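For reference, the structure is listed below as structure tokens.
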Amino acid sequence: KAEKDFIDSLDAKPDQAYVINYLAYSWIEKGINIEKSLEMLKNADQLRSNDGYITDSLGWALYKLKRYKEAKEYLKKAVQLMPSDPIVNDHFADILWMNGKKLQARYYWKYVLNLKDTDVQVSLSNVLGQDIKLLFNGKVSNNSFIIDLSSEIVKDKGVYFVNVISNRDIVTTKKLVKE
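Numbering (the numbering used here), first residue to last: 40 to 218.
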């Protein structure tokens, strides 16, 4: 219903940059109409240049289209416009990673964890990548949370992985061996 309302709103008045951004970003996140979203976002960027949200969405559309070098320029600009936004920083870290800048990507992902009220999920998985147990799910501030990996959590011998996920993307994975 909301999607139809946004489309109707744009049919009536097509130069609404934020409505364009919201609709296009929602399509990108669903993995649909990405090429169309990109064109819409270019228009929104013309209407409201130097808007961090629109710049981020434009870069994210390019990322989803695997146009990583182009995406990096937009996502870098978005971080400069909105340095405290966790999603924007997370997107920038993703593009750094895809452009081979692994160390810098890790820095930005860790920075995201230090931002106020970041959503974090910590899970335990086996060597096949299958989730075994959700260890933590919630908001953290200043990268502060403690996970108990006592013998009650990991009962069987073997290799496990503790995955820290922030804003839907893996921030770090630690190997755990129980003998």
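By construction, the Cβ of each residue, glycine as well, lies at the ideal position given by its N, Cα and C atoms. As the structure is a prediction and not an experimental result, all values here were calculated from the model.
Reference residue i, options the options, closest by Cα
| i | options | result |
| --- | --- | --- |
| Val125 | Leu49, Lys149, Leu86 and Lys43 | Checking the sequence shown, residue 125 turns out to be Pro, not Val. Nearest option by C-alpha distance: Lys149. |
| Val118 | Ala51, Asp95 and Ile67 | Asp95 |
| Lys103 | Ile67, Lys116 and Asn138 | Ile67 |
| Ser76 | Leu86, Arg87, Lys69 and Tyr64 | Tyr64 |
| Leu120 | Glu109, Ile93, Lys52 and Ala51 | Ile93 |
| Gly91 | Glu109, Lys116 and Glu78 | Lys116 |
| Val151 | Pro122, Leu142 and Ala41 | Pro122 |
Contacts around residue i, its chain only, beta-carbon distance under 6 Å, and the 5 residues preceding and following it disregarded
| i | result |
| --- | --- |
| Leu97 | Leu80, Asp84 and Tyr113 |
| Ser190 | Low local confidence applies: a pLDDT of 49 at Ser190 is under 50, so the model's placement there is unreliable, with the coordinate-based value given in what follows. Closer than 6 Å at Cβ, skipping near neighbours: no residue. |
| Ala144 | Ala132, Leu135 and Trp136 |
| Ala41 | none |
Nearest-angstrom beta carbon gap, residue j and residue i [assumed within contact, 8 Å]
| i | j | result |
| --- | --- | --- |
| Phe131 | Tyr147 | 6 Å |
| Ala100 | Ile73 | 6 Å |
| Lys111 | Asn128 | Actually they do not touch by this definition, with Cβ atoms about 14 Å apart. |
Residue i, buried or exposed, once every other Cβ within 10 Å from all chains shown has been counted against 16
| i | result |
| --- | --- |
| Asp54 | exposed |
| Asn89 | exposed |
Residues near residue i by beta carbon distance below 8 Å, same chain, minus five either side
| i | result |
| --- | --- |
| Leu49 | Gln55, Val58, Ile59 and Leu62 |
| Lys43 | none |
Neighbourhood of residue i by C-beta distance below 7 Å, restricted to the same chain and skipping five residues each side
| i | result |
| --- | --- |
| Asn82 | Ile59 |
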